[in-house]
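Novice: First residue of the sequence shown: 1, per our numbering; consecutive thereafter.
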Amino acid sequence: MSKAVTDISEIRCLPIGFMDSGLGGLSVLKEELRLLPYEDFIYYGDSANAPYGEKSTEEIKRLTFSVTERLTEHGIKGLVIACNTATAAAVRELRCAYPQIPIVGIEPAVKPAYEMSRGGRIIVMATPMAIRQEKFRQLIARYEKLADLVTVPCGGLMEFVEKGELDGAVLDGYFREHLSPYITHNTETIVLGCTHYPFLRPHLREFLAGREDIPDIRIIDGSRGTAAEMRRRLDECGLLRTDTGRAGVLTIENSAGDEMVERSYKLLKLPTD
Ligand code: DGL
């Protein structure tokens, strides 16, 4: 929240901030819009600096802090780090730097995948840098003793979403080369561990349906849990809006400019004006 605003009723009227390295965090925002239709939101996509998932930890931290600073200067009452990579690299330090704001990060839905599991393989798709982060490694270490858990670094995959290529032969080629080798006859669940990937889910389903040698595979992500956690945190702090008669206002900004803002609205299936 901005330093000037201290009254709780004023803070309650501030927007909820969302950030991602680009368009991926919109998959989380979509869930939050459903849960909190009366809230205002400001979404910042850092497409000009994407992909974060192939940068050093220090660089990811620097970029995440700079977007957070921008959003807090605008004035927000809560922040969702709608990026697995930025969460893994920076959420602890962000919470220390901004103790006055509830900050919710996203992590791959490995726990729900394990809880639903009937003993089959769980594949976690994520960015190469997310996979290298300590926070991510701890999560995997907790469950790999209990399940057949495989992590697949998906360098280059988020770019399909940034470019608006949500299907097609090139994407098929990507899945064939990078994902297929890990899919066994007992694969049960694929965890989409990057917020860009849910936009590729319909095509991934089609791709998997084309392989007759494998059973139906469940595809899950952490967006719903993350959105629900933000709502819980705001409620706990008495920060949910009470003037529920009005529709919330959504503002989208993107470091790569207007074209990406338009693409964002398209992805959310909302009009651009
Ligand atoms: N959307 C991001 C994530 O959830 C990262 C994509 C990237 O910038 O590499 O990890």
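Using N, Cα and C, we set each Cβ at its ideal position, and we do this for glycine too.
Look at the alpha carbon of tyrosine 44 and the alpha carbon of glutamate 259, and state the distance between them as a whole number of angstroms.
Specialist: 14 Å
Novice: For methionine 158, is the beta carbon positioned less than 7 Å from some heavy atom of the ligand DGL?
Specialist: yes
Novice: I'd like the span of the beta strand (DSSP E) that includes asparagine 254, first residue to last.
Specialist: 250-254
Novice: Tell whether a beta-carbon distance below 8 Å holds between tyrosine 174 and leucine 157.
Specialist: yes
Novice: With DSSP run on the structure shown, which of helix, strand or coil describes arginine 95?
Specialist: helix
Novice: Residues in its own chain within less than 6 Å of isoleucine 122 by CB, not counting five upstream and five downstream?
Specialist: Beyond the five residues adjoining it in sequence on each side, isoleucine 122 comes within less than 6 Å, by CB distance, of Ala113, Ala147, Leu149 and Thr189 in the same chain, given in chain order.
Novice: I'd like the ranges of any beta strand (DSSP E) spanning at least 3 consecutive residues and lying wholly in the region 22-76.
Specialist: 41-45
Novice: Does the region 17-32 come close enough to the region 65-73 that 3 or more CB-CB pairs lie under 8 Å?
Specialist: In short, these stretches touch, since the Cβ pair count reaches three.
Novice: Nearest by alpha-carbon distance to alanine 245: which of Thr57, Leu36, Val191 and Arg132 is it?
Specialist: Reading off the sequence shown, one finds glycine at residue 245, where the question assumed alanine. Nearest C-alpha to glycine 245: Leu36.
Novice: So what's aspartate 172 in DSSP terms, helix, strand or just coil?
Specialist: Note: aspartate 172 maps to helix in three-state DSSP.
Novice: What would DSSP say about glycine 225, mapped onto helix, strand or coil?
Specialist: helix
Novice: Are there 16 or more other CB atoms within 10 angstroms of the CB of aspartate 7, so buried, or fewer, so exposed?
Specialist: By the beta-carbon neighbour count (other beta carbons within 10 angstroms, threshold 16), aspartate 7 is exposed.
Novice: For aspartate 274, list the residues DSSP reports as bridge partners.
Specialist: Here the chain covers residues 1 to 273 and nothing more, so residue 274 does not appear.
Novice: Between which two residues does the beta strand (DSSP E) harbouring proline 153 extend?
Specialist: 149-153
Novice: Does the distance from the C-beta atom of leucine 166 to that of leucine 200 stay below 8 Å?
Specialist: yes
Novice: If you draw a straight line from the C-alpha of histidine 74 to the C-alpha of threonine 151, how long is it?
Specialist: 37 Å
Novice: Any heavy atom of the ligand DGL within a distance shorter than 7 Å of the CB on proline 198?
Specialist: no
Novice: Is the beta carbon of proline 99 less than 8 Å from the beta carbon of alanine 126?
Specialist: no
Novice: In terms of alpha-carbon separation, which member of Gly25, Leu33 and Glu39 lies closest to leucine 239?
Specialist: Glu39 is the residue among Gly25, Leu33 and Glu39 whose C-alpha sits nearest the C-alpha of leucine 239.
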